[in-house]
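Asker: Residue numbers (the numbering used here): 1036 to 1157.
Okay, structure coming up:
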């Protein structure tokens, strides 16, 4: 009879430990789900921020291209140095803007390299 009580107590104890383990796993799973949701929301916010940043960069480039075309219209020809000075950008950025406008067919490059290069409207 005593062995039966000991056996039943051990079974009850084992069931209690099993229930406790399941509860701990559930709490951990809930915590993981909350963290995953939080990360998903943070990445969504970050994506919105990047989209807005990319839009501002695109608008800045478009504005610079418009200004370059206005400069060419007013001066007939412009150099890389003129564009860099007027737009307050590096010469590399000015070259990239001029190159993009040339590839778009809006400007024509005269000269091969160096200070002799200038751009005119097409």
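Every residue gets a Cβ at the ideal spot worked out from N, C-alpha and C, and that includes glycine.
What you are looking at is a predicted structure, and each value in this text was computed from that prediction instead of being measured.
Measuring only the C-alpha atoms, how far is residue 1135 from residue 1126?
Answerer: Locating residue 1135 in the chain shown gives position 100, where the first residue counts as 1. Locating residue 1126 in the chain shown gives position 91, where the first residue counts as 1. Spanning the two alpha carbons is a distance of roughly 14 Å.
Asker: Whole angstroms are fine: how far does the CA of residue 1084 sit from the CA of residue 1109?
Answerer: For the purposes of this step, residue 1109 is taken as residue 74 along the chain shown, with counting starting at 1. For the purposes of this step, residue 1084 is taken as residue 49 along the chain shown, with counting starting at 1. Their backbone Cα atoms lie some 37 Å apart in a straight line.
Asker: Per DSSP, residue 1113 forms a beta bridge with which residues?
Answerer: Numbered from its first residue, the chain shown carries residue 1113 at position 78. DSSP, once it has assigned bridges, lists 1154 as partnering residue 1113.
Asker: Answer yes or no: do residue 1151 and residue 1142 have a C-beta to C-beta separation smaller than 9 Å?
Answerer: Numbered from its first residue, the chain shown carries residue 1151 at position 116. Numbered from its first residue, the chain shown carries residue 1142 at position 107. The answer is no: Cβ separation not under 9 Å.
Asker: Any contact between the stretch 1064-1080 and the stretch 1115-1122? By contact I mean 3 or more CB pairs, one from each, below 8 Å.
Answerer: These segments do not touch.
Asker: Out of 1059, 1066, 1133, point me to the one whose CA is closest to residue 1154's CA.
Answerer: Counting from one through the chain shown, the residue named residue 1154 turns up at place 119. Considering only alpha carbons, the answer is 1133.
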